[in-house]
């Protein structure tokens with residue numbers, strides 16, 4: 066089975082520019098997550114989708130970050146305008162449920178450097 | 009809200025030696041616990057998970073973890089480390105009724121020849 070796909074793998078931008086990341090989850094996975102992983106830290110949840118609806122976006126900086134999952138499959142995460150502190154790896158994950166229990170599977174991530 | 013502490017930022021072991029990575033969690037109910045491994049430039053790969061039942065969980069790549077409720081711990085072990093095990097290891101906890109997964113800060117494993 067194909068894993069979670071993300072693109073681009075790397076992105077370098079200047080502060081105040083905008084950037085978008087794309088994620089294609091594992092086929093059939095209804096739940097999709099975006100995480101931010103700053104160097105030296107564990108991943109932090111930004112937003113969770115169930116199909117095309119938002120379940121949790123409490124930690125998403127909504128003044129500059131936005132995300133959508135229009136058809137309940139692929140998702141995009143956008144930052145506009147970017148700040149230096151947005152430099153991080155952005156991980157996408159999708160999950161399956163077995164026996165009532167959920168397991169998340171992660172993509173390779175997009176490494177963002179804001180100069 | 010649940011939280012995870014990984015007390016060791018960096019551990020170095022010799023190839024062939026045994027390994028134990030520590031993980032302590034904080035959560036008021038029965039936690040769902042996970043160990044992930046992240047190689048440089050790669051995403052997170054699930055090693056093993058604990059939901060219920062047998063407290064000793066077997067995972068991939070020869071790893072195992074033991075859930076100890078009395079100590080709020082979920083330590084990861086491997087009897088003999090290989091050079092390819094060098095990576096960052098993350099412990100994570102999720103709650104029962106929501107999928108709010110919280111990660112520890114990670115433990116970086118270095119393997120000496």
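Residue numbers (this note's numbering), protein chains in the order written: chain A, 66 to 180; chain B, 9 to 121.
Even for Gly, the Cβ is constructed at its ideal location relative to N, Cα and C.
DSSP three-state assignment for residue i, whether helix, strand or coil
| i | result |
| --- | --- |
| residue 116 of chain B | strand |
| residue 68 of chain B | helix |
| residue 77 of chain B | helix |
| residue 96 of chain B | strand |
| residue 167 of chain A | strand |
| residue 56 of chain B | strand |
| residue 149 of chain A | helix |
| residue 44 of chain B | strand |
| residue 98 of chain A | strand |
| residue 138 of chain A | coil |
| residue 9 of chain B | coil |
| residue 156 of chain A | strand |
| residue 33 of chain B | strand |
| residue 110 of chain A | strand |
| residue 50 of chain B | coil |
Buried or exposed by the 16-neighbour rule on C-beta atoms within 10 Å, applied to residue i
| i | result |
| --- | --- |
| residue 166 of chain A | exposed |
| residue 112 of chain A | buried |
| residue 140 of chain A | buried |
| residue 125 of chain A | buried |
| residue 151 of chain A | buried |
| residue 93 of chain B | buried |
| residue 90 of chain A | buried |
| residue 172 of chain A | buried |
| residue 89 of chain B | buried |
| residue 114 of chain B | buried |
| residue 25 of chain B | exposed |
| residue 93 of chain A | exposed |
Beta bridge counterpart(s) of residue i as assigned by DSSP
| i | result |
| --- | --- |
| residue 82 of chain A | None, per the DSSP bridge assignment. |
| residue 91 of chain B | None, per the DSSP bridge assignment. |
| residue 179 of chain A | A:78 |
| residue 85 of chain B | B:28 and B:72 |
| residue 18 of chain B | B:116 |
| residue 62 of chain B | DSSP, once it has assigned bridges, lists no residue as partnering residue 62 of chain B. |
| residue 71 of chain A | A:88 |
| residue 133 of chain A | A:141 |
| residue 122 of chain A | Residue 122 of chain A pairs with nothing; no bridge assigned. |
| residue 161 of chain A | A:168 |
Backbone CA spacing between residue i and residue j [nearest angstrom]
| i | j | result |
| --- | --- | --- |
| residue 116 of chain A | residue 159 of chain A | 11 Å |
| residue 38 of chain B | residue 32 of chain B | 14 Å |
| residue 27 of chain B | residue 62 of chain B | 21 Å |
| residue 79 of chain A | residue 130 of chain A | 16 Å |
| residue 68 of chain B | residue 95 of chain B | 15 Å |
| residue 91 of chain B | residue 119 of chain B | 6 Å |
| residue 12 of chain B | residue 49 of chain B | 23 Å |
| residue 84 of chain B | residue 109 of chain A | 22 Å |
| residue 30 of chain B | residue 19 of chain B | 11 Å |
| residue 97 of chain A | residue 58 of chain B | 21 Å |
| residue 88 of chain A | residue 105 of chain A | 23 Å |
| residue 193 of chain A | residue 81 of chain A | Since the displayed chain A opens at 66 and closes at 180, residue 193 of chain A lies outside it and no answer follows. |
| residue 162 of chain A | residue 43 of chain B | 17 Å |
| residue 21 of chain B | residue 103 of chain A | 26 Å |
| residue 23 of chain B | residue 116 of chain B | 15 Å |
| residue 66 of chain B | residue 54 of chain B | 12 Å |
Cβ-Cβ separation, residue j to residue i (assumed contact under 8 Å), whole Å
| i | j | result |
| --- | --- | --- |
| residue 56 of chain B | residue 71 of chain B | 6 Å |
| residue 107 of chain A | residue 51 of chain B | The Cβ separation is near 13 Å, so there is no contact. |
| residue 14 of chain B | residue 99 of chain B | 6 Å |
| residue 86 of chain A | residue 71 of chain A | 7 Å |
| residue 177 of chain A | residue 76 of chain A | 5 Å |
| residue 81 of chain B | residue 35 of chain B | Not confirmed; about 12 Å, so no contact. |
| residue 142 of chain A | residue 155 of chain A | 6 Å |
| residue 108 of chain B | residue 121 of chain A | 7 Å |
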